[in-house]
């Protein structure tokens, strides 16, 4: 209740945040309601504080557009969708801990959720309309479905996770392979992942590709980004290539799939480590990236209660 009320108050206190992330999502949802393709018609000035040389398209995948559309239609602000996502993610993390093979004190059940909901930057993330809450919600729901032994639901949620943001492609290995998806689950995952993307690809594939792929590929490194790459540049005047982020993350995924398959506890650690390397050594990373890492760490903590395999008989644990 506190998070809900405070989130609504944030939106009322900051009705028009000065960031292209919010403006693009607002206008994207408005264009879609008018029957227009946001990937064709949207081009906004970049609010980069250092450089203003770019025009920003609707740079998010269709899943984010469809997820925020009801919030824009009903409340006039896409950020309500992110608030709901964080509430669902918190409740889901508590469910993951409750499904552990042994009973735990109530504080243990609540801890991962409270770690996110009491984060000092939570309402800043909401105010700026960053899209990471959707990813946090979907990954948490996928894990909850898996530990609840609902393989079809887990496959559906994994398909949605893969299309929540461009960076979620690592979840193919981290999710499907580490969690041991069957052929049927893989087919469901791929089909669900294609559902939100296919209509826009058929509508205008060139516009979609430019907005969600080419635009990011052409962006230069941001010198105000919170990355190890920038630290090395400012400290030693050495420029690290972003390819090291891909190579490092790929190495973690490969080793995890090879050595740690079937372990829920290790899955959580592998997800945090993969995205930590991928973000910190890349061209840009800002507060929302670290908020996502913090939430994934909370998820890893919830997964840790499932032990090595995520299965086992319940045993009695004395209360502290």
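Residue numbers (the working numbering): 3 to 322. Yeah, the Cβ is synthetic: ideal placement off N, Cα and C, and Gly gets one too.
Status (buried if at least 16 other CB within 10 Å, exposed otherwise) for residue i
i: residue 108; result: exposed
i: residue 4; result: exposed
i: residue 278; result: buried
i: residue 281; result: buried
i: residue 168; result: exposed
i: residue 184; result: exposed
i: residue 61; result: buried
i: residue 187; result: buried
i: residue 213; result: buried
i: residue 220; result: exposed
i: residue 122; result: exposed
i: residue 258; result: buried
i: residue 172; result: buried
i: residue 240; result: exposed
i: residue 178; result: buried
i: residue 69; result: buried
i: residue 253; result: exposed
i: residue 78; result: exposed
i: residue 189; result: exposed
i: residue 322; result: Low confidence applies to residue 322: its pLDDT is 44, below 50, so where it sits in the model is not reliable enough to give any reading.
i: residue 316; result: Residue placement at residue 316 is flagged as unreliable, the pLDDT there being 42, under the threshold of 50; the coordinate-derived value follows with that caveat. Residue 316 should be labelled exposed.
i: residue 37; result: exposed
i: residue 204; result: exposed
i: residue 295; result: buried
i: residue 242; result: buried
Whether residue i touches residue j by CB criterion (7 Å)
i: residue 182; j: residue 264; result: yes
i: residue 46; j: residue 40; result: no
i: residue 134; j: residue 293; result: yes
i: residue 208; j: residue 267; result: no
i: residue 139; j: residue 90; result: yes
i: residue 156; j: residue 137; result: no
i: residue 324; j: residue 125; result: Shown here, the chain extends from 3 to 322; a query on residue 324 therefore has no answer.
i: residue 227; j: residue 286; result: yes
i: residue 128; j: residue 84; result: yes
i: residue 255; j: residue 229; result: no
i: residue 231; j: residue 283; result: yes
i: residue 301; j: residue 142; result: yes
i: residue 198; j: residue 59; result: no
i: residue 288; j: residue 102; result: no
i: residue 170; j: residue 164; result: yes
Cβ separation of residue i and residue j, assumed to be a contact under 8 Å, to the nearest whole Å
i: residue 146; j: residue 104; result: Their Cβ separation, rounded to whole angstroms, is 18 Å, which puts residue 146 and residue 104 out of contact at 8 Å.
i: residue 249; j: residue 273; result: About 18 Å; that fails the 8 Å criterion.
i: residue 217; j: residue 210; result: At roughly 11 Å, the Cβ-Cβ gap does not stay under 8 Å, so residue 217 and residue 210 are not in contact.
i: residue 303; j: residue 113; result: 7 Å
i: residue 18; j: residue 74; result: Not confirmed; about 14 Å, so no contact.
i: residue 262; j: residue 180; result: 6 Å
i: residue 99; j: residue 110; result: 6 Å
i: residue 67; j: residue 31; result: 7 Å
* Counting pairs of Cβ atoms below 8 Å between the segment 10 to 29 and the segment 184 to 200, do you hit three or more? -> Remark: fewer than three beta-carbon pairs, one from each stretch, lie closer than 8 Å, so the segment 10 to 29 and the segment 184 to 200 are not flagged as touching.
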